[in-house]
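Read top to bottom, the protein sequences are chains A and B.
Going by this note's numbering, the first sequence opens with residue 1485, and the numbers climb by one from there.
Going by this note's numbering, the second sequence opens with residue 117, and the numbers climb by one from there.
Beta carbons: idealized from backbone N, C-alpha and C, even for Gly.
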Amino acid sequence: MSDLMAAQKAAADPRDRGGPAQPMLIVDGFKKYFPIRAGLLNRQVAEVKAVDDVSFFVMKGETLGIVGESGCGKSTLARLLMHLIRKDAGQLILDGDLVGEASGILLDGLRRSLQMVFQDSSSSLNPRLPIEQSIAYGPRVQGASRQVARQQARSLMEKVGLNPNLFGQRYAHELSGGQKQRVNIARALALDPRLLILDEAVSALDKSVEAQVLNLLGDIKKELRLTYIFISHDLHVVRYISDRVMVMYLGQLVEIGPVDTIYEDPKHPYTQALLACRLNMDPHERVDAAPLAGDPPSPVIPPPGCRFHTRCPYVEDVCKTTSPGLGDVLRLSPKQHLAACHMVHPRSGHSSAPAFAA
Amino acid sequence: MVSQMTSLSPSQAAPHPAPLVRVDDLRVRFVSRDATVRAVNGISFDLERGKVLCVIGESGSGKSVMMRSLLRLHPKKRTVIEGTMSVAEHDIGALSERAMTGLRGSLVSMVFQEPMTALDPLYRIGDQIVETVRRHEHVSRQAALARALELLQLVRVPSPERRLRAYPHELSGGLRQRIVIAMALACRPSLLLADEPTTALDASVQIQILVLLRKIQREMGMAMIFVTHDLGVAAQIADQVAVMYAGRIIEYGSAGDVLLAPQHPYTKAMLAATAKDQDRSLALEAIAGSPPDLRALPEGCNFAPRCKFAGPDCTVATPPPITDAGDHMARCIRVGIVAHKLTFSATTMPTI
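Put into C-alpha cells, the structure is as follows:
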C-alpha cells in the first residue's frame, strides 16, 4: 500500500481534482429497498432490503474486492454506483465532488468517470454492431466525430490484445468468450474512465482465458492509472487482484480490510466460513462437512440482531437481539481492519469479546 | 436381445467383472452444410462400478459432447458417432430408440449445469419427481410420492413436505440443483452423468453439493462421470481424472497423479494459470492463444501451437498415449517413463 501511495504522489494525474489522499469514491449510507407489491390494489406488502446502509471508500489506484454469496447485494451495489437504478438513500462522492446534487457533478460526468464490465460478455454487446462500432459508440454519444471515435476504438482494441484489422468488422457472435470480454473492457475504457466496476467479469471464462484477462486487467490498470472495484464469488481470484476486500452478507457490510489481513486473519465468522469454502487442489485433503450449511435467510425479513446469527457457530443471546456495529468505515485508514461481530467489540456481551479495546 | 450384442461375452469377462462403462475409440462429428466439427476424436476409457471419473477441460474440449453421446442425446441426423460405448453391457450404439428411452433415467441418469432449464416451470416439484418414478417403475401415485419425499430427504432439502408442493421458481439455485439430483437418483441409477452440476452455484453451496454427491455416490455404490472445468472440484470428488483437449484425452490417471504430479504440458499450464495465493506482483502464467478450431484441426499434437515446449517434431503426428505402471497416461512426445513413472522432460526424444 505505501509504495502504491508513493507512486501516486510521484506522478500526479491531470484528471485528479481532490488530490492523492482524497478517495476516488466515497459511498455514504447507501440503501436500496425493492418493494414487493401484491393484491388487488397492488399495494406494497413488503420490501427486499437488497442494500441496507452500506458505507465504504475506494482509494485512488486501489483495487477493492467485494465478496459474498449470491443475493448479498453486491451486484445491486454496483448498479447503484453506476446509477443504473435509483438509490433510496445515501450519498456518492467522486474525487471530492458530490454526485447528482446541485453543488456537485452531473450524472453525465459520473458516467464518463465510472464504467462497468458485466459478467455475461455476449448479452452486454449489441449483436447487430461490428465490435469496432460497439467500442466507438460511447465516444460518439459523448460528441466525438466519427473519424476520431473510430481511431480511438482501433487503438483500444490493440490495447486489449485484439488486432483491429482482423477483429474490427466482426460481430459479437463471431468471437469467443474471452475475446468478447476483451471487447467489453475496451468499450468500458473508451471514455477514459477513472474507475472500473468489474462485476464477475472473469467468472464465465475458462481458466486459461481467465488468467489472460486478469493479466490484461493488471496491465491496463498500471498503464491508464485506473481504480477497480472487483466483484466476484471466486475467492482465489479476489485475493490475487485486490488490495482491500470487503465482505457483504444480506445487504450489509460485515468485514473490510487489507486483503492479506482478511485472508490470513478473518475476524467475522461469516468471512471465516466463506474462506473455508475455497476448494483445495489436493485430492488427499477433502472437505467432509460444508463450512456453511443451508442458504442465506430471506432479505425480506432479515433475522433480528446480527443477520448471520442463524448460521453462526458462535451464536449467543446477544447476537439474536443486538445488531453489531462495524465502526466508522469512512474514517478508517486503508490499512485498518473492521468486522461487524460481537466477538470483536469490547464489552459487547458475547463471552468471547475482548475486555478492552485492542 | 439387444443387450447380448456387446463385444464382451460372459466367458471373456469371467475373471474380473466387466467395467460398468467401456468407451472404445469414440469419435463424434457434427456435420452441417458449411463445415464438419470434429468434437470428439478418439476417446477410450473404462469405468468400474462405484468409481468417480472427473473429466476436466475447457469449453469446446468435447467433454459435454462425450457425455451426451453416452445417453445418445445428440440430434441423429447431423451427428456421426463412431466407436463403441457400452454401459452395463448394453451397447449404446445398437440399442433401439425404445430401449434407449428405458435406459435413460433408470440405469443411467444425468444432472445438468443449469437446474432451472432442467425443471419444468409449470409443474410442482413433487409431480415432476413422481412422473420420473412412474415412467420407469410400475408403482401407484401414492408410492411414488412417498419415494419423492424420501428422495428430498436424501438430498437434504429442508422441510421436504412443503417443497414437494413448490414450483421451481420458488426455490434457490442450490435447492433446485438438489431437486435435480434427487430426480436423477429417483430410479437408483448405476451411473450418474453430471455435467458441471456445481458451476452455476455459490462457493458455499457448491461445497454442500459436492459433499452430498460424494456421500450418496458412496452409499449407493453408484459410478459417476463428472464433467468440470474447475480443478478444485475435481480434487474434491474424483477417483480418476481425464483431461481433455480438442476432443482427446491428453492425460489420464488417479486424482493424485494428475492433479499433484501432472506431466502433460497442458495440464501443467492449466494448474499454473489458476489463481491461487500467488504473488500478486507477478502476472499469472496464462496459456497464450485460444483453443483450436474444431472445424480444421491442425496435424499432430493439437496443443502444440500454444505449448511452451513445442518443436517441429510435435506437429508430425498425433502423439500416442504413453502409460506407466500406475495407469497414469499422457499423450505428449516429450513424456517418457523413468523408473516406472511417467516423466516429462523438455528435451526427451520420443520413446516408443
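query, result
"When the cut-off is 8 Å and only beta carbons count, does residue 1701 (chain A) lie next to chain B?", "no"
"I'd like to know if the segment 195-211 of chain B and the segment 261-268 of chain B are in contact, where contact means that at least 3 CB-CB pairs between them fall below 8 Å.", "no"
"Locate the beta strand (DSSP E) running through residue 1510 (chain A), then write down its first and last residues.", "1509-1522"
"Determine the direct distance from the alpha carbon of residue 1687 (chain A) to that of residue 1607 (chain A), and round the result to whole angstroms.", "15 Å"
"Which two residues bound the contiguous alpha helix (DSSP H) that contains residue 1707 (chain A)?", "1691-1708"
"Residues in its own chain within less than 7 Å of residue 1760 (chain A) by CB, not counting five upstream and five downstream?", "1775"
"Who are the neighbours of residue 1570 (chain A) on chain B, taking C-beta pairs under 8 Å?", "Within 8 Å Cβ-Cβ: nothing; residue 1570 (chain A) doesn't reach chain B, min ~26 Å."
"Below 8 Å on the Cβ atoms is my contact criterion, and I expect residue 317 (chain B) with residue 337 (chain B) to pass it. Report the Cβ-Cβ distance as a whole number of Å.", "Incorrect: roughly 26 Å between the Cβ atoms, too far for contact."
"Pull up the distance between the alpha-carbon of residue 1839 (chain A) and that of residue 1789 (chain A), whole angstroms please.", "21 Å"
"Quick check on residue 1541 (chain A): does DSSP put it in helix, strand or coil?", "strand"
"Going along the chain, which residues of the segment 1643-1654 of chain A sit with their C-beta nearer than 8 Å to a C-beta in chain B?", "none"
"Should residue 171 (chain B) be flagged as near chain A, meaning a C-beta pair shorter than 8 Å?", "no"
"Any Cβ of chain A within less than 8 Å of the Cβ of residue 215 (chain B)?", "no"
"Apart from the five residues on each side of it in sequence, which residues of its chain come closer than 8 Å, Cβ to Cβ, to residue 1690 (chain A)?", "1661, 1662"
"Please go through the same chain and pick out, in chain order, the residues whose beta-carbon is closer than 6 Å to the beta-carbon of residue 417 (chain B), but skip the five residues on each side of it.", "430, 435"
"Mind reading off the beta-carbon distance from residue 1683 (chain A) to residue 1559 (chain A)? Whole number of angstroms is fine, and I expect it under 8 Å.", "6 Å"
"Let me know the alpha helix (DSSP H) ranges lying completely inside the segment 177-217 of chain B, each 4 residues or longer, listed in chain order.", "179-186"
"Assess, as a yes-or-no matter, whether the segment 165-181 of chain B is touched by the segment 354-363 of chain B under the definition of 3 or more beta carbon pairs within less than 8 Å.", "yes"
"Let me see if you follow: with CB-CB separation under 8 Å, is residue 163 (chain B) close to chain A or not?", "no"
"In chain order, what residues of the same chain have a beta carbon less than 7 Å from the beta carbon of residue 1552 (chain A), not counting five sequence neighbours either side?", "1558, 1731, 1732, 1733"
"Applying a beta-carbon distance threshold of less than 7 Å, which residues of chain B neighbour residue 1721 (chain A)?", "391"
"Regarding residue 277 (chain B) and the ligand PLP, is the C-beta to nearest heavy atom distance less than 7 Å?", "The model on display carries no ligand, and the ligand PLP is accordingly not part of it."
"With residue 1616 (chain A) as the anchor, note down where its alpha helix (DSSP H) starts and where it stops.", "1615-1625"
"Which class does residue 299 (chain B) belong to by DSSP, given the choice of helix, strand or coil?", "helix"
"Check whether chain A comes within 8 Å of residue 119 (chain B), counting only Cβ atoms and requiring the distance to be less than that.", "At residue 119 (chain B), the pLDDT of 44 sits below 50, so the modelled position is not reliable; the number obtained from the coordinates is stated separately. For residue 119 (chain B), the answer is no, since every Cβ of chain A falls outside 8 Å of its Cβ."
"Cβ atoms of residue 143 (chain B) and residue 202 (chain B): under 8 Å apart, would you say?", "no"
"Could you tell me the distance, in whole angstroms, from the CA atom of residue 468 (chain B) to the CA atom of residue 445 (chain B)?", "Low confidence applies to residue 468 (chain B): its pLDDT is 43, below 50, so where it sits in the model is not reliable enough to give any reading."
"Which residues in chain B sit within 7 Å of residue 1660 (chain A), going by Cβ to Cβ distance?", "406"
"Is the segment 1789-1803 of chain A touching the segment 403-417 of chain B in the sense that three or more CB pairs, one from each, lie closer than 8 Å?", "no"
"What is the residue span of the alpha helix (DSSP H) that residue 335 (chain B) lies within?", "319-336"
"May I ask you to verify whether the segment 1579-1586 of chain A touches the segment 1736-1753 of chain A, counting CB pairs closer than 8 Å and requiring at least 3?", "no"
"Name the two residues that bound the continuous beta strand (DSSP E) containing residue 235 (chain B).", "Element bounds for residue 235 (chain B): n/a, residue is neither H nor E."
"Tell me whether residue 430 (chain B) sits in a helix, a strand or coil according to DSSP, three-state version.", "helix"
"Taking only beta-carbon positions, decide if residue 174 (chain B) is within less than 8 Å of chain A.", "yes"
"Should residue 383 (chain B) and residue 367 (chain B) be called a contact, given that it needs their Cβ atoms to be closer than 8 Å?", "yes"
"Is the segment 242-255 of chain B close to the segment 285-302 of chain B, with three or more CB pairs under 8 Å?", "yes"
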